[in-house]
Each structure stands twice: as structure tokens, then as C-alpha cells.
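Here the sequence shown is numbered in our numbering, starting from 1 and rising by one per residue.
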Amino acid sequence: MPESSLQTVFKLRDYQQDAVEATLTHFRNSDQPAVIVLPTGAGKSLVIAELAKLARRKILVLAHVKELIEQNHNKYLSYGLEGGLYSAGLKQKQSHHQVTFASVQSVARNLQDFATEHSLVIIDECHRISDDENSQYQKIFSQLREFNPQLKLLGLTATPYRMGMGWIYRYHYRGFCRSSEPRPFEHCIYELPLQYMIKRGFLTPPTMIDAPIAQYDFSALNPNRFGNYAETEVNQLLVSHPRVTRAICEQIIELATNRQGVMVFAATVKHAQEVCSYLPAHETVLITGSTANSERDTLIRLFKQKKIKYLVNVAVLTTGFDAPHVDFIAILRPTQSVSLFQQIVGRGLRLAEGKQNCLVMDYAGNGFDLFAPEVGQPKPDSSSVPVQVFCPACEFANIFWGKTDEEGNILEHFGRRCQGTVMLENDSKKPGSKTPDKKIQCEFRFRFKECPQCNAENDIAARNCHQCDHAIIDPDDQLKAALKLKDARVIRCAGMSMIETKQKLKVTYHDEQGEELSELFDMQNPKQRKRFNDLFGRRFQQSTQPKVFKTLEAVLAVIDQFTAPDFVVARKSGQFWRVQERIFDYQGNYRKANQL
1 MPESSLQTVF KLRDYQQDAV EATLTHFRNS DQPAVIVLPT GAGKSLVIAE LAKLARRKIL
61 VLAHVKELIE QNHNKYLSYG LEGGLYSAGL KQKQSHHQVT FASVQSVARN LQDFATEHSL
121 VIIDECHRIS DDENSQYQKI FSQLREFNPQ LKLLGLTATP YRMGMGWIYR YHYRGFCRSS
181 EPRPFEHCIY ELPLQYMIKR GFLTPPTMID APIAQYDFSA LNPNRFGNYA ETEVNQLLVS
241 HPRVTRAICE QIIELATNRQ GVMVFAATVK HAQEVCSYLP AHETVLITGS TANSERDTLI
301 RLFKQKKIKY LVNVAVLTTG FDAPHVDFIA ILRPTQSVSL FQQIVGRGLR LAEGKQNCLV
361 MDYAGNGFDL FAPEVGQPKP DSSSVPVQVF CPACEFANIF WGKTDEEGNI LEHFGRRCQG
421 TVMLENDSKK PGSKTPDKKI QCEFRFRFKE CPQCNAENDI AARNCHQCDH AIIDPDDQLK
481 AALKLKDARV IRCAGMSMIE TKQKLKVTYH DEQGEELSEL FDMQNPKQRK RFNDLFGRRF
541 QQSTQPKVFK TLEAVLAVID QFTAPDFVVA RKSGQFWRVQ ERIFDYQGNY RKANQL
């Protein structure tokens, strides 16, 4: 095929070219691992092929299923280039090419075949990477770094988060931080929203219906840290609701009348077999993890040829499966994984002739927002909503869980640290150097524990100071020790009041039973004024507007905007109680005031 014809057929879309350029720019300046986020159907394989074509040194392209490996390899070959395949599932073991498309499992089992220098590893569906040093991915990376310490890692995914971990990267190129902790990838260098693809006609719009005729209630089951449920528990629940399964299948048949292809995601093998018994036998097939490869390939081919209408599966076909005619997704399995939910729905979003939309029916009540998934800190309770909180230090607009009144005013928020990023200037950088200044997370904390040694602010769960490494007493240990003392008093602070008495500020802490502890601050005394500001001025308006108060009058004018501690500990001093500790932002085993 002439070169001009190839360029016409495989001309990258604007966003694909942007993703390629973002990659080249990043790795010219950095060796830190990076991730590109593209929705299902956005053409990740074309981006991979373009990057592989531009490479001048040896690179490795990894995927976890043979369908993706073959798809990525074929796109590369269609450029008129040669690339190797290394996959037991595809019965190939070629590692001598400049570009090798390989199975994670096969490479991890045959590391001796990759005992050579590679400049870049591209990982498709990179949200599968864990931080476990003994995982197959990490073993491969360690091996390749022995031959090239500057090895570059690039991940591609539609869902950059993982159950038990949250976001898989730390810093986003738009200037915010996803995690304070190490992650498999340091930077997200390009992201394309799902909404963008749908609005511009690159993907089929999903039609999500929240009112199915019947629905399973999996709320009594407890998922593991990966968002999955125990098969025996799920089966026990489903067996007790046979009428629900029958009603669901009857509705699926009714709604599928004018649909081309239906994918049903069942909870367990036993459940899938029951589902199949209610669907038209001559139009239904079942694929599970134990289905033989040859049989699986045959069934998938029949489905793609539209000779089969209903494709029921269990824990397979969520990634690497491409059947554009699918226009009905029925979800009959529970999951706490946003990533899995989006991957499932993504099976029906590719374009196809005569396809107007993709119907999505969630019969398991998973309740995820496809366009704005809730990732990160778990929702504190059912009344919590996302609220926008500006950082007083860098002015970044954070989105935290919080509570609002009927008019939308923020009553409280549960954010800990600003998610914004700031540039750390490199003083040692030579004039004219292209090395960028380092980007770090903003240090401002909305909730914090103060180090007793150096007064540095630490995360409320910290055990050692991040600045001087001094041990920070656990609040539970602090409360437990105080409760054992006969001359100590601990109250759960349900509220706080401030009044003037003898030209001093009297702060009174109230518990649920009406008991009180109080202390005085002389705002004319520099040391006491500083202590008040460290305790209360720094946390003014839930730390969203820290202020330094210089006069008693200034404090009394805004007494309803100070944050009260959760616990107050006092020790007996003569006939009086002297406040020793005020515990703010408490998270632990003891009940706080006004909690059930």
C-alpha cells in the first residue's frame, strides 16, 4: 500500500496527536512514569502505534489479554512496520524486534528473554498495576531497570483508579494532586473526558435507566478491598430471589426487541446459568473464565456476526473485547469498583451502523455516575455531597466531601490537605536549561496534627512528624491515658462559646451532658495571643480562612465561625481544672459528640 494511502487511513485525530505530543514533551524532560487517560473507543491502539513508530530504541508494549495484544500489534503492522509478538495465548515468542507486543504473564514467566536494554515500556489498561513488589508488572519493571536505570514507563487507560488504592497517579497536568502517597505513575500528562467523545460523535451516547422493573439488593454484603463480593454469599442471596432474576430477564427480552446485540454481566457462574435459562436458548451463549479458548473464540465470532443476540458472561469481556454493534448492556452483578463499572459500560459505546444509542440497565443498584465517578476518599455518610473549597494558600479550588444547607452554603467539609500543586523552583538549574521546575503538592492542610517537637503540621493519621520524624502521640492513646487518671477530666466537646471576662477572652467547652471546661486567653499578652491563633485562628472557618487575631474585640465579632475541638482534656490544679489538651479533627475508636 502506498505511503500516502496509509497516511490517509491512519491520520490521527486531534486528541490522539495531542496525546502523542504530550508524551514526547514529558519524556524529553523527565524519566518519571506517566499515564494517558483516553475513554474506551478513543483509539488507544493508534496512539500506541504512533509512539512505537517514533521510537528509535527498543520498546516493550504490554497488555494482559491476547485480544488487546493482537489489536495493538495489528495497528502497528498496518503502518508497514514489523513488530514482534510474545504471548503464550497467541503461540508466539518473538523478543528480538525493536518493538515487541507482549503478554504480561508470558514476559513475567520468561524474564531471561528480556535481559537487554529497553528505553520505554507502554502498558495498556495500566490501572491493573499494583504497588506490590512481587506482582508480575513490578518484576518486569525491575528486570528492565537493571539494564536501563532511566527506563521510561507510559500507561494508557480509560479508568485511572484502582480499588484499594484510588487514583493510580499523583499529579495531574492541569495543576492538581490526586494523592499525597506514592503511586505507580507520577504524572497524568493527558486526559480526554468521556463527554468530549460523545458530544463530538466519536462514541455512542449511553442511555442509563435507573428504574428497572426489578432489582437485586446487595447492600447486606460486604465487598473486599478490591470491590468484589464472595461468590458463596452472592449465590446464597440470588438463590433466595429467583422471581427477581426471572422478572429481570423478561424485561431484558422486552427491551431488546429492537436492539442488535445484548451483553449481560452476571454475578457468578451459577447465576449466569440461571439467567441463560430464562433467555431465548437459540439466541444466547455463555462465556466464563473456564470456557475453552477455541470455544470462546467461536462464540465471540458468532456474536459479532449477529448470529447470536445475547452474550452472557462472568468476570470476562470487560476489557479488550470489541463488538461495536452492542447497543444494550445489562448489569446484573454488584461492584464497588468504579473502574470495572466504566469498563463494562464502555463495551457498548463504540460506533456502529444504525446504532443510535446504547441502553444501560443497572439491575444491581451500583449507582455510579458514568461521567463524574466518585474516586478518592469514601463518602462519609449519605448526606454528604461534593463541595468546592478554595485553598487560602494557593487558591486552588478543591472538591471535598461536605455538607450544605438548603441554599447550598457549606456547613462543613471533610478535606484534609489542598489538592493543588505549586512549582518548586530549582535554584541549582543552569540558565537556559530546559529542565522544568519540580511540581509538588501544596502544603496547606485543612485538618492537621501539630508536632509537639517542631510544631510542623502533619496529616491527622500521621504517627511521626514528616519534618523532624518525632513520634506523634495517637489521639486514642492520649484519651485512654487521660481516662485512667483520677485527676484528669475528658469531655466530648459538643460546642464552644466565647465571652469577655475581666478584659480577657473566656473560651468554654460544652459536652452533651451539660458539663463544661473553660480557659482564659489574654489577647494583650503576645504569648497567649499567639497560642490562641495557633489553636483557633489557624482553624478559622474550618481552616478555609486562617486569620491572626490581634484584639479581643476582633475575636468576639466572629465567635460563631471558630472550629471547636472534638475532645478536651484537663488536669486538676488545686480547686480548678486546667485545660491541657484540645484534640481537633479526631478520627479513632471513641465516639465524638452528637454521634450515634
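Ideal Cβ positions, reconstructed from N, Cα and C, are used throughout, including at glycine.
Per DSSP, Met-523 lies in no alpha helix (DSSP H) and is assigned neither H nor E. For Cys-188, the uninterrupted beta strand (DSSP E) segment begins and ends at 185-191. With contacts defined as CB atoms closer than 8 angstroms, Thr-421 and Lys-439 qualify as a contacting pair. In the structure shown, Thr-551 falls within a coil segment according to DSSP collapsed to helix, strand and coil. When DSSP reads this structure, Asn-458 sits in a beta bridge with Lys-449. DSSP places Tyr-15 inside the alpha helix (DSSP H), whose first and last residues are 14-29. Just so you know, the alpha carbons of His-271 and Asn-409 end up roughly 46 angstroms apart.
In the same chain as Phe-390, and ignoring 5 residues on each side of it, the C-beta atoms closer than 6 angstroms to its own belong to Ala-397, in chain order.
For Asp-18 and Leu-62, the gap between their C-alpha atoms comes out near 22 angstroms. When the alpha-carbon of Cys-394 is set against those of Cys-418, Glu-412, Glu-407 and Pro-386, the nearest one is in Cys-418.
Distance between Lys-307 and Asn-589, taken at the CA atoms: about 59 angstroms. Cβ-Cβ distances below 8 angstroms link Ile-168 to Val-35, Cys-126, His-127, Ile-129, Gly-155, Thr-157, Pro-160, Tyr-161, Arg-162, Arg-183, Pro-184 and Phe-185 in the same chain, with the five nearest sequence neighbours on each side left out; the list follows chain order.
Going by beta carbons, Thr-204 and Leu-38 fall outside the 8 angstroms limit. Beta-bridge pairing by DSSP links Asp-362 to Ile-331. For Arg-259 and Leu-238, the gap between their C-alpha atoms comes out near 27 angstroms. Selection Lys-530, Val-316 and Ile-499 evaluated against Val-264 yields Val-316 as nearest (Cα-Cα).
Taking every protein chain shown into account, the CB of Asp-405 has fewer than 16 other CB atoms within 10 angstroms, so this residue is exposed.
Between Phe-101 and Gly-84, the beta carbon gap of about 7 angstroms places them in contact (Cβ cut-off 8 angstroms). Under a 10 Å Cβ-count criterion, Arg-463 is classified as exposed, with fewer than 16 other Cβ atoms of the shown protein chains found around its own Cβ.
Straight-line spacing of the CA atoms in Arg-170 and Arg-578 works out to 44 angstroms.
Per DSSP, reduced to three states, the secondary structure at Cys-126 is helical. For Thr-563, the CB contacts under 6 angstroms within the same chain, skipping 5 residues up- and downstream, are Arg-539 and Gln-542 in chain order. Secondary-structure assignment with DSSP links Tyr-278 through no beta bridge to anything. Cα atoms of Phe-147 and Tyr-137: separation of roughly 16 angstroms, rounded to the nearest angstrom. Counting only runs of 3+ residues, the beta strand (DSSP E) found wholly inside the stretch 128-198 occupies 152-157, 169-172 and 185-191, in chain order. Taking a cut-off of 8 angstroms on C-beta distances, the stretch 546-562 does not touch the stretch 451-468, as fewer than three cross pairs fall below it. One Cα belongs to Val-507, the other to Cys-451, and the distance between them is close to 23 angstroms. Listed as beta-bridge partners of Thr-421 by DSSP are Gln-441. When secondary structure is reduced to three states using DSSP, Lys-270 falls in the helix class. When C-alpha distances from Asp-474 are compared across Glu-516, Gln-587, Asp-566 and Phe-400, the shortest belongs to Gln-587. In this structure Lys-309 does not touch Glu-274 by the C-beta definition: roughly 18 angstroms separates them, more than the 8 angstroms allowed. Each residue's CA atom was taken as its position, placing Arg-109 and Gln-453 some 50 angstroms apart. Per DSSP, Glu-512 is not a residue of any alpha helix (DSSP H), being assigned neither H nor E. In the structure shown, Arg-463 adopts coil according to DSSP, grouped into three states. A distance below 8 angstroms between beta-carbons, with the five flanking residues on each side excluded, links Lys-53 to the following residues of its chain, in chain order: Tyr-76, Tyr-79 and Leu-81.
The beta carbons of Ile-189 and Ala-22 sit about 5 angstroms from each other, so the pair counts as a contact at 8 angstroms.
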